[in-house]
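Colleague:
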Amino acid sequence: MNKRVHITVSGVVQGVFYRKYTANKCMEFDILGSVENLPNGKVFIDAISNDLHLDKLIKWCWTGSPFSNVTGVEVNEVEIEHLPKGFIIKR
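Using the numbering used here, read the sequence shown as starting at 39 and increasing by one per residue.
1. Please classify G79 as buried or exposed, where buried requires at least 16 other C-beta atoms within 10 Å of its C-beta.
2. Rounded to the nearest angstrom, what separates W98 and P77 at their Cα positions?
3. Apart from the five residues on each side of it in sequence, which residues of its chain come closer than 6 Å, Cβ to Cβ, to I127?
4. I think S103 touches Y59, with their Cβ atoms under 8 Å apart; what is that distance to the nearest whole Å?
5. Give the single residue among V111, F105 and P122 whose Cα lies nearest to the Cα of D93.
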């Protein structure tokens with residue numbers, strides 16, 4: 039059964055290809071949704087998939103891109119409102 043999580047990643051995560059690496063991992067893990075930079079310097083991920091794939095993504099978020107330095111990963115489960123067709127990088 040699919041579920042949806044919002045993940046907010048903090049640390050040195052902007053300007054280090056974090057969104058690109060996240061998109062690649064999400065496509066590898068068959069996760070739908072999006073990733074975007076936030077004005078406060080964090081990265082926000084909206085992800086929909088099964089528990090196994092989401093758990094893999096959440097664990098991976100602590101590593102991120104080779105150039106990132108992750109200091110926090112906050113995860114909140116939210117209601118699925120619609121199913122996106124794939125995974126996209128926003129702004």
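Using N, Cα and C, we set each Cβ at its ideal position, and we do this for glycine too. All figures in this text were calculated on a predicted structure; none of them were measured in a lab.
Modeller: Quick look at the numbers:
1. The residue you call residue 79 lines up with position 41 of the sequence shown. By the neighbour-count rule (16 or more Cβ atoms within 10 Å), G79 is not buried but exposed.
2. Locating residue 98 in the sequence shown gives position 60, where the first residue counts as 1. Locating residue 77 in the sequence shown gives position 39, where the first residue counts as 1. Roughly 23 Å between the two C-alpha positions.
3. Translated into positions along the sequence shown, residue 127 becomes position 89. Cβ within range, chain order: R57, A61 and V73.
4. Mapped onto the sequence shown, residue 103 falls at position 65. Mapped onto the sequence shown, residue 59 falls at position 21. Sure, about 4 Å apart at Cβ, within 8 Å.
5. Here residue 93 corresponds to residue number 55 of the sequence shown, with the count starting at 1. When only C-alpha atoms are compared, the closest one is V111.
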